[in-house]
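> Before I ask anything, here is the structure I am working with.
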Amino acid sequence: MPDPGFVHLHVHSSFSLLEGALTIGKLADLAKADAQPALALTDTGNLFGALEFSEKMAGAGIQPIAGCALALDLPEPQGPRGVHRPPKPRLVLLAQNEAGWRNLMALVSRSFLETASEDEPRILMDWLAEANAGLIALTGGPSGPIDQVLAGGHADMAAERLDRLATLFGDRLYVEVQRHGADVERVAEPALIDLAYAKGLPLVATNEPFFAARSDYEAHDALVCIAEGRLLAEGDRRRLTAEHRFKTRAEMLELFADLPEASANTVEIARRCAYRVRTAKPILPRFTSADDSAGDQLAEEAAELERQAREGLAERLEKHGPAPGLELAAYEERLAYELSVITKMKFPGYFLIVSDFIKWAKAHGIPVGPGRGSGAGSLVAYSLQITDLDPLRFQLLFERFLNPDRVSMPDFDVDFCQERRDEVIHYVQERYGRSQVAQIITFGTLQARGVLRDVGRVLEMPYGQVDKLCKLVPQNPAHPVTLKQAIEDEPRLQAARDQEEVVGRAFDIAVRLEGLNRHASTHAAGIVIGDRQLHELVPLYRDPKSDMPVTQYNMKWVEQAGLVKFDFLGLKTLTVIDKAVKLIHQRGIDLDISQIPLDDEKTYAMLAKGETVGVFQVESAGMRRALVDMKADRIEDIVALVALYRPGPMANIPVYCDCKHERAKPDYLHPMLEPYLKETFGVIIYQEQVMQIAQAM
4 MPDPGFVHLH VHSSFSLLEG ALTIGKLADL AKADAQPALA LTDTGNLFGA LEFSEKMAGA
64 GIQPIAGCAL ALDLPEPQGP RGVHRPPKPR LVLLAQNEAG WRNLMALVSR SFLETASEDE
124 PRILMDWLAE ANAGLIALTG GPSGPIDQVL AGGHADMAAE RLDRLATLFG DRLYVEVQRH
184 GADVERVAEP ALIDLAYAKG LPLVATNEPF FAARSDYEAH DALVCIAEGR LLAEGDRRRL
244 TAEHRFKTRA EMLELFADLP EASANTVEIA RRCAYRVRTA KPILPRFTSA DDSAGDQLAE
304 EAAELERQAR EGLAERLEKH GPAPGLELAA YEERLAYELS VITKMKFPGY FLIVSDFIKW
364 AKAHGIPVGP GRGSGAGSLV AYSLQITDLD PLRFQLLFER FLNPDRVSMP DFDVDFCQER
424 RDEVIHYVQE RYGRSQVAQI ITFGTLQARG VLRDVGRVLE MPYGQVDKLC KLVPQNPAHP
484 VTLKQAIEDE PRLQAARDQE EVVGRAFDIA VRLEGLNRHA STHAAGIVIG DRQLHELVPL
544 YRDPKSDMPV TQYNMKWVEQ AGLVKFDFLG LKTLTVIDKA VKLIHQRGID LDISQIPLDD
604 EKTYAMLAKG ETVGVFQVES AGMRRALVDM KADRIEDIVA LVALYRPGPM ANIPVYCDCK
664 HERAKPDYLH PMLEPYLKET FGVIIYQEQV MQIAQAM
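Each residue of the sequence shown is one higher than the one before, starting from 4 at the first, in this note's numbering.
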C-alpha cells in the first residue's frame with residue numbers, strides 16, 4: 004500500500020471524561036473520510052473505550068492501536084513556594100503485541116487499584132520497569148515528563164528522565180513533538196529536539212485532538228469549564244487551542260514539513276503495532292476441580308449438574324407433587340431435554356454457580372426472590388432452587404430462556420433482600436477469589452436538561468432564566484428527547500433563542516456536548532466472575548464508593564470481552580416481607596412464605612376491592628382500578644394483569660375482563676389457537692403463546 008505519510012498516535016475520545024468531545028463512532032468517520040490506515044486511541048488514564056474502539060475501527064477498515072496516556076509518579080522540580088504545581092506528567096503507551104496489551108491492562112488497572120482514592124490514578128517507574136515488554140512509549144508532548152521540566156528551565160532533569168525512559172524502552176521510545184500553537188510547546192521544542200538528537204532518539208509528530216473541527220472549539224472550551232467548575236470568562240484557567248482538532252494527514256505533513264522524519268516515524272510506529280483488542284467467547288469460572296482441559300471441565304460440570312438437578316427435582320416433587328394432570332414422566336422427559344441443551348451449549352457451570360450462591364443465601368436466612376424473567380421457564384433452574392416456580396404448572400417454555408438455534412448467554416435476574424445483598428456478593432468474592440470478581444462500570448452522560456444547566460452556568464446566565472428554559476425541555480426517561488429535538492418542537496425555546504444572543508450561544512454549545520460521557524459509576528446489580536485474575540482479561544477501575552474492583556468496560560463490552568455477568572438485584576419488597584414474617588413470629592405465629600397457598604379466597608376478595616397499597620406491582624391507582632374491574636379469583640388472572648398493564652397491551656384489559664365475566668365471548672381468531680389462548684380468553688399476552696402459535700401454525 005502507498006505510504007500514508009502520517010498516522011494519528013495520540014487521540015482522545017469522549018472516554019477521556021469531560022475532556023474528549025469525540026465519540027468513537029465519530030473518530031471512525033473522521034479517519035475513514037481522510038483515508039487514514041491506522042489510528043491510536045490514547046484516552047487520559049483509562050482504557051474504557053479500548054474494545055469498542057478496536058471493533059468499530061476494524062469494522063471501518065482502519066487499524067486500531069490500543070494505547071493510553073498514563074500519569075507518571077515522578078518527583079517535581081523544585082520551585083518557589085506558592086507557585087501552582089503542574090499535574091502529574093503523562094506518558095503515552097501503545098500496545099505493539101499481545102504481551103504489550105496485557106502489560107498495558109495491568110498498568111492501567113494498578114494505577115486505579117493501588118492509588119489512594121483521593122489522588123489522581125498514576126503509575127510508578129518501578130511498575131514500568133516490571134511491565135514494559137511489548138509497549139512503545141511516546142514522551143507525551145507538552146503534558147509529558149520531558150516537556151514539563153524543559154518548559155520550566157530544568158534541562159538536567161529532562162535529560163535524566165529521558166535517559167531513564169531510554170533504559171526501560173530502548174528503541175521503543177520516541178520523543179513526541181506537538182504544534183498546537185501553545186506557549187509551552189514553543190518554549191520547549193528547540194531544547195526537546197536538541198536533546199533527542201544528542202541522545203540519538205527518534206522524533207515523532209503528534210496532534211492531540213480532543214474535538215472534530217475548529218467550529219467545535221468553543222463547545223470544548225465550555226466542556227473543560229464544566230469539568231473544572233470554572234467560567235468561560237475567566238482568564239487564569241486551563242485552555243486548549245482551536246488546533247486541538249482532528250487534523251487531516253495533509254495538514255499534519257504540512258505542519259511538520261521541516262521535520263519529515265517525525266511524520267515518517269508515525270507510520271513506522273503504526274507498522275510496529277501488530278495487535279488489536281478482540282472480543283472473546285464466554286469465559287466461565289471453574290465450578291468443579293477439573294483442570295486438565297476444557298473438555299474435562301465441561302464433562303465434570305455436566306455430571307455434577309445432572310446429579311444436583313435430579314436430586315433437586317425429586318425433593319421438589321416429594322414436597323409439592325406434580326402439577327395437576329401431569330405425570331412424573333413429563334418432568335423426567337423435560338429435565339433430560341433441558342440438561343442435554345445446557346450441556347450442548349456448554350453452560351452447566353453457569354447454572355451451578357448461580358445455584359451455589361442462591362443456596363448459600365437461603366442457608367444463611369437471606370431472602371431470595373422466587374425468580375423472574377425467562378429463567379422461570381427452566382425446570383433445571385427450579386430443581387436447583389434458582390427459581391421457585393414449577394414451569395410445567397404454568398406452561399412456561401424453556402426455549403424462551405435458552406435456545407440452541409439462538410446462542411446467547413443465559414441470564415438469571417436474581418432478587419435478594421436489599422439489606423443483605425452485599426453478604427451474597429462477599430460470599431462470591433471469597434468463593435472465587437477477590438481478584439476474580441468485579442462490578443461493572445456504567446457511564447453517565449450529558450443529557451438534554453443537565454447539559455443546558457451546565458452550559459448556562461459556565462456562560463454566567465441567571466439561574467432563573469436557565470431553570471425556565473430547562474423546564475421547557477421534555478423529560479421522559481422511557482423515550483428521551485434530545486435538546487435539538489426539543490428546540491425544534493417548542494416555539495418558546497425558539498423564541499428565547501432568537502431574542503437573546505446568549506441563549507442561542509448556550510443552545511449551540513449544549514447541542515454539541517449532549518450525549519458525551521460525563522462520569523463513571525457502577526452498575527446497580529451486575530457482577531462478573533472470571534476464571535483467572537480479571538486484570539488479565541479486562542482493565543479494571545476503582546469506584547471510590549466501593550471496595551470492589553470495577554471493570555473498565557461497560558455491560559455491553561464486558562460481555563463481548565468474554566466475561567459472564569451475574570445479576571444480584573437488591574429488592575426492597577423482599578426486605579419488607581422478611582421483616583413482616585419476623586414480626587409475626589414474635590406473636591407466636593410461624594409463617595413460611597414459600598408455603599402460602601395460591602388459592603386463598605380471602606386474599607382474592609381483598610384484591611377485588613383494590614386493597615393493595617404496598618403490594619409489589621399492583622399498588623398504583625390504575626392497577627387498583629383494573630383489579631376491581633377484573634375481580635381476580637385465581638393466580639393466572641394476577642399474572643395476566645401484570646403482563647397487560649403497560650402501554651399498548653392495556654387496551655386488552657377490558658376485553659379480558661368482559662370474557663372472564665362472560666359479558667363477551669373469546670375471539671380465538673382461528674380454531675387452532677384455542678388450546679393456547681383459552682387460559683387468557685383469546686387475548687395473546689405472553690411470549691410463550693406467540694411461540695406456541697408459530698409452532699402450531
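We treat Cβ as the ideally placed atom computed from N, Cα and C, and that holds for glycine.
Computed from a predicted model, the values in this text were never measured in an experiment.
1) Checking 8 Å against the spacing of the C-beta atoms, do L94 and P542 come in under that value?
2) Between which two residues does the alpha helix (DSSP H) holding P678 run?
3) May I have the straight-line CA-CA distance separating Q388 from R289, to the nearest angstrom?
4) In whole angstroms, what separates the C-alpha of V10 from that of V270?
5) Using a Cβ-Cβ cut-off of 7 Å (strictly less than) and excluding sequence neighbours within five positions of E192, which residues of its own chain qualify?
6) So the candidates are E321, E79, S358 and R637; which of them puts its Cα closest to the Cα of L308?
7) What does a CB cutoff of less than 7 Å around L258 pick up in its chain, not counting 5 residues either side in sequence?
8) When you compare only the Cα positions, how much space is there between L676 and K349?
9) From G529 to A253, what does the alpha carbon distance come to, in whole angstroms?
10) For L25, which residues in the same chain have their Cβ closer than 8 Å to its Cβ, ignoring the five residues on either side in sequence?
11) Answer yes or no: do L462 and C473 have a C-beta to C-beta separation smaller than 8 Å?
12) When DSSP builds the beta bridges, which residues end up paired with D570?
13) Within this structure, are the beta carbons of L594 and V584 separated by less than 8 Å?
14) Are the CB atoms of I126 and S112 within a distance shorter than 8 Å?
15) Taking the alpha-carbon positions, what's the T209 to Y177 distance?
16) Contact defined as beta carbons within less than 8 Å: I believe Y278 pairs with R319. What is the distance between those atoms, to the nearest angstrom?
17) Report the residue from G144, L171 and L537 whose alpha carbon sits nearest the alpha carbon of V762.
18) Going by C-alpha distance, which of E314, Q398 and A194 is nearest M160?
19) Thinking L77 and I139 are a contact (beta carbons under 8 Å), I'd like their distance in whole angstroms, please.
20) If you check the beta carbons only, do A53 and A31 fall under 8 Å apart?
21) Under 8 Å, with one C-beta from each stretch per pair, do the segment 501 to 510 and the segment 413 to 429 reach the 3-pair mark?
22) Name, in chain order, the residues that DSSP records as bridge partners for Y544.
23) Does the distance from the C-beta atom of R545 to that of S120 stay below 8 Å?
24) Among V152, M108, Q151 and D150, which has the Cα closest to the Cα of L131?
25) How many angstroms separate the CA atom of A260 from the CA atom of Y466?
26) Give the straight-line distance between the Cα atoms of V631 and T683, rounded to the nearest whole angstrom.
27) Helix or strand or just coil, what does DSSP make of P3?
28) When you compare each of G48, M558, I656 and Q620 to L21 by their alpha carbons, which one comes out closest?
29) So for L537, helix, strand or coil by DSSP?
30) Would a C-beta distance cut-off of 8 Å place L382 and L395 closer than the cut-off?
31) Quick one, which of I687, S623, V469 and Q450 has its alpha-carbon nearest M651's?
32) Are the segment 401 to 416 and the segment 648 to 663 in contact at 8 Å, needing three or more beta carbon pairs?
33) Taking 8 Å as the threshold (C-beta atoms), are G155 and P80 in contact?
34) Ends of the beta strand (DSSP E) at C276?
35) Taking V178 as part of the beta strand (DSSP E), name the residues at either end of that continuous run.
36) Classify Y353 as buried or exposed, calling it buried when 16 or more other Cβ atoms lie within 10 Å of its own Cβ.
With the structure as the only source:
1) no
2) Element bounds for P678: E677 to L680.
3) 20 Å
4) 6 Å
5) V180
6) S358
7) R182
8) 35 Å
9) So the two alpha carbons sit approximately 46 Å from each other.
10) V14, H15, S16, S17, L33, P212, F213, F214, A215 and F249
11) no
12) D416 and G529
13) yes
14) Against a cut-off of 8 Å, the Cβ pair of I126 and S112 comes out as no contact.
15) 11 Å
16) Actually they are not in contact, since the Cβ atoms of Y278 and R319 sit about 51 Å apart, beyond 8 Å.
17) The requested residue 762 does not occur in the structure, where the chain is confined to residues 4 to 700.
18) A194
19) Wrong, their Cβ atoms sit about 20 Å apart, outside the cutoff.
20) no
21) no
22) V553
23) yes
24) M108
25) Approximately 50 Å between the Cα atoms of the pair.
26) 18 Å
27) There is no way to answer for residue 3, as the model of the chain reaches only from 4 to 700.
28) G48
29) helix
30) yes
31) Here residue 651 turns out to be Gly, not Met, going by the sequence shown. Checking every option, the nearest Cα to that of G651 belongs to I687.
32) no
33) yes
34) No beta strand (DSSP E) contains C276, which DSSP labels as neither H nor E.
35) L176 to Q181
36) buried
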